[in-house]
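What follows is one structure encoded as structure tokens, with my remarks underneath.
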Amino acid sequence: MSGPQVSLRPARESDGEILHAWASDPDARAASFHPEAIPWDTHVAWFRRSLSDPGCTILIIETARGTPVGTVRFHRRDEESAVVSLTIGKQHRGQGYGTAALRAAAALAGPDIRTLVAIIRVENVRSARTFRNAGYLPAGRTTVNGHEAVVMRHERPGPAAVVPRRPRGTGA
Ligand SMILES: CC(C)(COP(=O)(O)OP(=O)(O)OC[C@H]1O[C@@H](n2cnc3c(N)ncnc32)[C@H](O)[C@@H]1OP(=O)(O)O)[C@@H](O)C(=O)NCCC(=O)NCCS
């Protein structure tokens, strides 16, 4: 299970431009359920809103040398699940960053999040493969905005069960 080393940090306001560039890439638009181009002003308004939304977490994926290569996003769906989105910059794809980032990101969803859900357009085989490699399992199909999609889920382990200690000297 080796792959490139990545680190994840929360997005900050100065990441607006690179996030817009990643989101505007033709493959990223084609993978989206709203594939039309994203005007800069729309992006800025969305990014500001998202940064202050407690139900949204935007992480920047960086290489071991600190180069930003993509982004992972969590959108809380309900009390215990979140939808995950992933984009890797074009020149960094196919090098294992997507898989490594998903594996690392799972630990960073809120502590009460038990289930991570990915919703992937059926034709996006590369994305489905990336999520599968990171431990997500197929969980049915759905339609979003008229686009057929596969649903993949990753169940996070719950907190370790606490086994009560037997008081000393009680025998057995
Ligand atoms: C999907 C995406 C996030 C994957 O990131 P990545 O860093 O390239 O992924 P990895 O390198 O970790 O893994 C890619 C996997 O897809 C496979 N793959 C690459 N091209 C493929 C293709 N055309 N068809 C099928 N599998 C393909 C690779 O072989 C690899 O699998 P393997 O390790 O089992 O061989 C990236 O391509 C991307 O940002 N695409 C545009 C946006 C997008 O689709 N986002 C996901 C929306 S749900």
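Quick note, in my numbering, the sequence shown goes up one by one and the last residue is 172.
Cβ coordinates follow ideal geometry from the N, Cα and C atoms, glycine included.
- For the pair Ala106 and Val117, the Cα-to-Cα distance works out to about 11 Å.
- The distance from the Cβ of Ile58 to that of Arg73 is about 5 Å, consistent with a contact at the 8 Å cut-off.
- In terms of CA proximity to Ser52, Glu13 leads the group Pro68, Glu13, Thr99.
- Rounded to the nearest whole angstrom, the C-alpha separation of Thr42 and Asn145 is 19 Å.
- A check of alpha carbon separations from Tyr136 across Ala64, Glu17, Val150 identifies Val150 as the nearest.
- When the alpha-carbon of Ser127 is set against those of Ser32, Pro4, His20, the nearest one is in Ser32.
- At a cut-off of 6 Å, the beta-carbon of Val144 does not count as near ligand 1: no heavy atom of the ligand is closer than that.
- In terms of CA proximity to Ala139, Ile120 leads the group Thr130, Ala104, Ile120, Lys90.
- Taking a contact to require three or more Cβ pairs closer than 8 Å, the region 92-101 and the region 2-22 qualify as touching.
- Taking 6 Å as the cut-off, the C-beta of Arg129 counts as close to a heavy atom of ligand 1.
- Annotation: Trp40 to Ile61 spans about 22 Å, alpha carbon to alpha carbon.
- Relative to the non-hydrogen atoms of ligand 1, the Cβ of Arg73 never comes closer than 6 Å to any of them.
- Out of His154, Ala134, Thr115, the CA that lies nearest to the CA of Arg77 is found in Thr115.
- In the three-state DSSP reduction, His34 falls in the coil class, being neither helix nor strand.
- According to the DSSP secondary-structure assignment, Leu86 is paired through a beta bridge with Val72.
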